[in-house]
């Protein structure tokens, strides 16, 4: 790297909701004393990328660079990082370290913020996403579909040596999105857990639930097309195909302590899912449809005292605990590595649900095409 921070990076930039991404320059946030700069080696494709690129959750702040499952090597650190007050765990980051960045790049970190003070920065009302957000100085946050990433060290995480870079990338958003509620609701021995949706998030949900020692992990999908993957490959103990099994909600009623729902279909059979819960069971929605969720009757909640809640990515502590568990238990997402320069084809395949089960873009696969 040059002695002074670059004013421009190269990356895959979206100009609007319909045009292909183009490889061009963009202006990252100004480099500050609490920032790091990372040479990106890999970046996973997340469903959020698709929603953002097409403005599915609201107008995107074009031009934008998406990608928030970032792995790379630190090439620059700010002078304040070694004494970073907000994150003692980030103080040891140094040039040459392999780090990851997930879906959040900043929060207010104020002592009077209940979320930040409690170590739950992912619920800060001033949360700043890794892309499609603005920092306090109004500069734009750009993601990891690029050659370099720049942002606060507080939200960068050292990657354990046991985790390959390509496999570690999806953990930083998709992985922690399912791990955090599993951790919060004490998934482990003595618990039966259901995972709805066997895709990018859901397959990691099964892997983590098994790694955490749950007595029973049930994969739930519309059809049986992923039964073999779920049971023989990922280790699920049972499989429910809701479009194929008659009276499935009655057959499996009151069998699960916790359900993690990863699907983003607005027509999901939500009321039937709740029938699967035991008394005091919990249903956690992590998939985010572009349309409202199905309605519920009050009795769906009252009869067993069940809870319906949501979960937003995970805290920095969740991410660190997750990475360590993944390294120790060899939790490796099922990935298909693709070249970063083939990003438009990969995004199209992702949108067509062809991934089994996560695409990871690599800057190390072939020469960069400058379209």
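Numbering (full-length UniProt numbering), first residue to last: 1 to 371.
Every residue gets a Cβ at the ideal spot worked out from N, C-alpha and C, and that includes glycine.
message: Using a 10 Å radius around the Cβ and a threshold of 16 neighbouring Cβ atoms, would you call residue 305 buried or exposed?
response: Working through the chain shown from its first residue, we reach residue 305 at position 305. The residue is exposed, with fewer than 16 neighbouring Cβ atoms inside 10 Å.
query: residue 244 by DSSP, collapsed to three states: which one?
result: As a working mapping, residue 244 is identified with position 244 in the chain shown. Residue 244 falls in the coil class under three-state DSSP.
Contiguous beta strand (DSSP E) assignments of at least 3 residues, all confined to the segment 164 to 199: The qualifying runs are 192 to 196.
- request: Compare the C-alpha of residue 12 against each of 62, 32, 30, 33 and name the closest.
  value: Taking the first residue of the chain shown as position 1, residue 12 is located at position 12. The residue with the shortest Cα to Cα distance from residue 12 is 62.
message: As a quick exercise: from 27, 22, 20, 55, pick the residue whose alpha carbon is nearest that of residue 289.
response: Within the chain shown, numbered from 1, the residue matching residue 289 stands at position 289. Among 27, 22, 20, 55, the Cα nearest to that of residue 289 belongs to 55.
Distance between beta carbons of residue 206 and residue 235, contact taken as under 8 Å: What you label residue 235 is simply residue 235 of the chain shown in a count that begins at 1. What you label residue 206 is simply residue 206 of the chain shown in a count that begins at 1. By a beta-carbon distance limit of 8 Å, residue 235 contacts residue 206. Their separation comes to about 7 Å.
- request: Evaluate residue 257 with the Cβ neighbour count: other Cβ atoms within 10 Å of its Cβ, from every protein chain shown; 16 or more gives buried, anything less gives exposed.
  value: Reading the chain shown from its first residue, position 257 is the one you call residue 257. Burial of residue 257 is indicated by the presence of at least 16 other C-beta atoms within 10 angstroms of its C-beta.
query: Who pairs with residue 43 in a beta bridge, going by DSSP?
result: Position 43 of the chain shown, counted from the first residue, corresponds to residue 43. Its beta-bridge partners are 70, 361.
- prompt: Between the C-alpha atoms of residue 119 and residue 37, what's the straight-line distance to the nearest angstrom?
  reply: Taking the chain shown and counting its residues from 1, one reaches residue 119 at position 119. Taking the chain shown and counting its residues from 1, one reaches residue 37 at position 37. One C-alpha to the other measures close to 24 Å.
message: Just verifying my parser: in three-state terms, what is the DSSP assignment at residue 260?
response: What you label residue 260 is simply residue 260 of the chain shown in a count that begins at 1. Strand.
query: DSSP three-state call for residue 324: helix, strand or coil?
result: For the purposes of this step, residue 324 is taken as the residue at position 324 of the chain shown. DSSP places residue 324 in helix when its eight states are reduced to three.
message: Please tell me whether residue 286 and residue 262 are closer than 8 Å, where the distance is taken between their beta carbons.
response: Here residue 286 is taken as the residue at index 286 of the chain shown, counted from 1. Here residue 262 is taken as the residue at index 262 of the chain shown, counted from 1. Yes, the pair counts as a contact, with Cβ atoms nearer than the cut-off.
query: Between residue 17 and the rest of its own chain, which residues show a CB-CB distance below 6 Å, the 5 nearest in sequence each way excluded?
result: Translated into the one-based positions of the chain shown, residue 17 becomes position 17. Same-chain partners within the cutoff: 54, 55.
- request: Look at residue 144 and residue 29 and say whether their C-beta atoms are less than 8 Å apart.
  value: By one-based count along the chain shown, residue 144 stands at place 144. By one-based count along the chain shown, residue 29 stands at place 29. No, they are not a contact pair.
- request: Less than 8 Å between the CB atoms is what I'm expecting for residue 135 and residue 106, so what's the real figure, rounded?
  value: As a working mapping, residue 135 is identified with position 135 in the chain shown. As a working mapping, residue 106 is identified with position 106 in the chain shown. Taking a contact as a CB-CB distance under 8 Å, the pair residue 135 and residue 106 counts as one, their CB atoms being some 6 Å apart.
field: Backbone secondary structure at residue 87 - three-state DSSP
entry: Here residue 87 corresponds to residue number 87 of the chain shown, with the count starting at 1. Here residue 87 sits in coil by DSSP.
- prompt: Excluding sequence positions up to five away, which residues of its chain have a Cβ less than 6 Å from the Cβ of residue 372?
  reply: The question about residue 372 has no answer, for the chain in this structure spans 1 to 371.
- prompt: Within 10 angstroms of its Cβ, does residue 245 collect 16 or more other Cβ (buried), or is it exposed?
  reply: Mapped onto the chain shown, residue 245 falls at position 245. Exposed is the call here.
field: Helix, strand or coil at residue 232 according to DSSP, with G and I counted as helix
entry: Taking the chain shown and counting its residues from 1, one reaches residue 232 at position 232. Here residue 232 sits in helix by DSSP.
task: Counting only the same chain and skipping the five closest in sequence on each side, list residues whose C-beta sits under 8 Å from that of residue 22.
output: Taking the chain shown and counting its residues from 1, one reaches residue 22 at position 22. The beta carbon of residue 22 lies closer than 8 Å to those of 12, 13, 15, 371 in the same chain, with the five residues before and after it left out.
Stretch-stretch touch, CB-based, cutoff 8 Å, three pairs: the segment 43 to 54 with the segment 348 to 362: The segment 43 to 54 is in contact with the segment 348 to 362.
query: Any idea if residue 178 is buried or exposed, counting beta-carbon neighbours within 10 angstroms, 16 or more meaning buried?
result: Against the chain shown, residue 178 aligns to sequence position 178. Per the 10 Å Cβ criterion, buried.
- prompt: Between the segment 344 to 356 and the segment 314 to 326, do at least 3 Cβ pairs fall closer than 8 Å?
  reply: As far as the Cβ criterion goes, the segment 344 to 356 does not touch the segment 314 to 326, which means the pair count is below three.
field: 6 Å CB neighbourhood of residue 365 in its chain, flanking five on each side removed
entry: Along the chain shown, one-based indexing puts residue 365 at 365. Residues of the same chain with a CB within less than 6 Å of the CB of residue 365, apart from the 5 flanking positions on each side, are 339 in chain order.
message: I need the straight-line Cα distance from residue 291 to residue 266, nearest angstrom please.
response: Here residue 291 corresponds to residue number 291 of the chain shown, with the count starting at 1. Here residue 266 corresponds to residue number 266 of the chain shown, with the count starting at 1. Approximately 6 Å, taken between the alpha carbons.
- request: Would you check if the distance between the CB atom of residue 153 and the CB atom of residue 65 is smaller than 8 Å?
  value: Working through the chain shown from its first residue, we reach residue 153 at position 153. Working through the chain shown from its first residue, we reach residue 65 at position 65. No, the Cβ-Cβ distance between residue 153 and residue 65 is not below 8 Å.
- request: Report all residues from its chain with a CB closer than 6 Å to the CB of residue 71; omit the five preceding and five following residues, and keep chain order.
  value: Numbered from 1 along the chain shown, position 71 holds the residue referred to as residue 71. Counting only Cβ-Cβ distances below 6 Å, and skipping sequence neighbours, we find 41, 42, 100, 165, 168, 169.
task: Report buried or exposed for residue 125, applying the criterion of at least 16 other Cβ atoms within 10 angstroms of its Cβ.
output: Start at 1 with the first residue of the chain shown, and residue 125 comes out as number 125. Exposed, because fewer than 16 other Cβ atoms sit within 10 Å of the Cβ of residue 125.
- prompt: For residue 372, which residues of its own chain have a beta-carbon under 8 Å away from its beta-carbon, when the five flanking residues on both sides are left out?
  reply: Residue 372 is absent from the model: the chain starts at 1 and stops at 371.
message: Classify residue 308: buried if its beta carbon has 16 or more other beta carbons within 10 angstroms, exposed otherwise.
response: The residue given as residue 308 occupies position 308 in the chain shown. Residue 308 counts as buried, since at least 16 other C-beta atoms from the protein chains shown sit within 10 angstroms of its C-beta.
query: Any idea what DSSP makes of residue 100, helix, strand or coil?
result: Within the chain shown, numbered from 1, the residue matching residue 100 stands at position 100. Collapsing the DSSP output to three states places residue 100 in a strand.
message: Just to confirm before moving on: does the CB-CB distance between residue 276 and residue 300 stay below 8 Å?
response: In the chain shown, counting from the first residue as 1, residue 276 sits at position 276. In the chain shown, counting from the first residue as 1, residue 300 sits at position 300. No; because the gap between Cβ atoms is not below 8 Å, this pair is not in contact.
query: Do you know offhand how far residue 311's Cα is from residue 214's?
result: For the purposes of this step, residue 311 is taken as the residue at position 311 of the chain shown. For the purposes of this step, residue 214 is taken as the residue at position 214 of the chain shown. Going by the C-alpha atoms only, they are around 20 Å apart.
query: Considering only residues of the same chain and omitting the five flanking positions on each side of residue 237, which have a CB-CB separation below 7 Å?
result: Numbered from its first residue, the chain shown carries residue 237 at position 237. If we look at residue 237 and ignore the five residues flanking it on each side, its Cβ neighbours are 216, 217, 218.
- prompt: What do you get for residue 95, buried or exposed, if any count of 16 or more other CB atoms within 10 angstroms of its CB means buried?
  reply: If you number the chain shown from 1, residue 95 lands on position 95. Answer is exposed; the Cβ neighbour count stays below 16.
field: Where the beta strand (DSSP E) through residue 280 begins and ends
entry: What you label residue 280 is simply residue 280 of the chain shown in a count that begins at 1. Taken as a continuous stretch (DSSP letters only), the beta strand (DSSP E) holding residue 280 covers 277 to 285.
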